[in-house]
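In this note's numbering, the protein residues as written are -10 to 353. Notes follow the structure.
This is the structure in structure tokens:
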């Protein structure tokens, strides 16, 4: 739920699409009574398993927490948090949030307000301590929802914060609206530059995308889930202090499940990056040496095929300097990573580092 009252990049809650098409006003509505429901697809997808410890962030009206609680999973411990503080919710008139929070507490669930998903270590309640088996962020949205670079920053900030609260073999789950994630799972793919690049953002922190599934919205609704979409303030001075809930179009939304690449999982979709570099040839240069250097830069010494990393070299240009015969080459270096979380930035660093390594060798 988007938090339109903050420009500081703190985590927001559920949202949506970049455009406002089809946005409708939505009041708080009547909170449904808690009733048991059968375990549905949502339990497995979101990791609501027996004895699991789950942290929910950005659950603005706590209806997602209620929905999971209705699954009645034995021993599953849920912690529900929202971005707004108690004072902010009180001022906005969202009394339903307090009522739902009390019902959750009555059922033994920990509830936290004012929790920043990009700074969990400092904003989680003092009595809430990780690690967690599952951390879920449903439909994150930066307050400035039309600035796509801020959406990417929000995802990176969340992954950076969540990894410190995650159990070694735990999962991080993020649901996004149609087209936002930018993975091959999208029904209508956008240009990479028009997406939030969730797989790349997670890879920066060693997280592998192991599963993508349609978000089971209908099943969650049967469990009482009511998405507010995003919360925003008015854009004019006359209504800047007015806060309202607006719904969004969740058709085609996807739920992405991430895990550490160190547990041996295989990515749902390989990360593929290319980067062009030029280098001076040292004596005895062979392309195999460059491949070894690149694998070592990404995986450490001895890394390679066993780590699910494929490196290919395409020679783009060659040059021989007339005055001393010194040779230079330009390569397009491509990596395909299936078991390693290799971000685009990490691959660029590896390529530039290898180029410098070989070029420096010619000066010795």
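All C-beta atoms, glycine included, are put in the ideal place defined by N, C-alpha and C. Just so it is clear, the structure is predicted and the values come from calculations on it, not from any experiment.
| Query | Result |
| --- | --- |
| Where residue 172 and residue 311 are concerned, what is the direct C-alpha to C-alpha distance, given to the nearest angstrom? | 47 angstroms |
| Throw me the rounded Cβ distance for the residue 107 and residue 164 pair, which I believe falls under 8 angstroms. | Not quite, the Cβ-Cβ distance comes to about 17 angstroms (not below 8 angstroms), so this is no contact. |
| If we count the other Cβ atoms within 10 Å of its Cβ and call it buried at 16 or more, is residue 120 buried or exposed? | exposed |
| CB-CB under 7 angstroms to residue 186, same chain, minus the five flanking residues each way: which ones, in chain order? | 141, 171 |
| Roughly how many whole angstroms lie between the Cα atoms of residue 211 and residue 201? | 22 angstroms |
| Taking 8 angstroms as the cut-off, decide whether the C-beta atoms of residue 167 and residue 240 are in contact. | yes |
| For residue 145, which option in 194, 123, 135 has the closest C-alpha, if you only look at C-alpha atoms? | 194 |
| Report the three-state DSSP secondary structure of residue 148 (helix, strand or coil). | helix |
| Can you tell me the Cα-Cα spacing of residue 128 and residue 350, whole angstroms? | 49 angstroms |
| Can you have a look at residue 131 and say buried or exposed, based on whether 16 or more other CB atoms are within 10 angstroms of its CB? | buried |
| Based on DSSP bridge pairs, tell me the residues matched to residue 164. | 127, 244 |
| The beta strand (DSSP E) with residue 93 in it runs from where to where? | Per DSSP, residue 93 belongs to no beta strand (DSSP E); it is in the alpha helix (DSSP H), 84 to 95. |
| Mark residue 69 as exposed unless 16 or more other C-beta atoms lie within 10 angstroms of its C-beta, in which case mark it buried. | buried |
| List the DSSP bridge partners of residue 303. | 321 |
| Is the number of C-beta pairs between the region 271 to 285 and the region 60 to 79 that are closer than 8 angstroms three or more? | no |
| Looking at the structure shown, is residue 189 part of a helix, part of a strand, or coil, going by DSSP? | helix |
| Please report the distance separating the alpha-carbon of residue 284 from that of residue 325. | 11 angstroms |
| When you compare only the Cα positions, how much space is there between residue 89 and residue 51? | 6 angstroms |
| Can you check whether the CB of residue 155 is closer than 8 angstroms to the CB of residue 98? | no |
| For the alpha helix (DSSP H) containing residue 112, list its first residue and its last residue. | 109 to 112 |
| Is it buried or exposed for residue 314, if we count other Cβ within 10 angstroms and need 16 for buried? | exposed |
| Short check: CB of residue 298 to CB of residue 320, under 8 angstroms? | no |
| Going straight from the alpha carbon of residue 47 to that of residue 113, what length do you get? | 12 angstroms |
| Compute the Euclidean distance between the alpha carbons of residue 205 and residue 316, then round it to the nearest angstrom. | 58 angstroms |
| Looking only at C-alpha atoms, which of 79, 308, 250 sits nearest to residue 191? | 250 |
| Measuring CA to CA, which of 216, 347, 198 is closest to residue 253? | 198 |
| Quick check: the Cα distance between residue 134 and residue 53, rounded to an integer number of angstroms? | 22 angstroms |
| Helix, strand or coil: which one does DSSP assign to residue 315? | coil |
| What did DSSP end up calling residue 338 once you bin it into helix, strand or coil? | helix |
| Residue 332 and residue 189 - do their beta-carbons sit closer together than 8 angstroms? | yes |
| DSSP puts residue 265 in a beta bridge; with which residues? | 321 |
| Less than 8 angstroms between the C-beta atoms of residue 266 and residue 322, yes or no? | yes |
| Does the distance from the CB of residue 355 to the CB of residue 81 come in under 8 angstroms? | Only positions -10 to 353 of the chain appear in the structure, and residue 355 is not among them; the question remains open. |
| Roughly how many whole angstroms lie between the Cα atoms of residue 49 and residue 91? | 14 angstroms |
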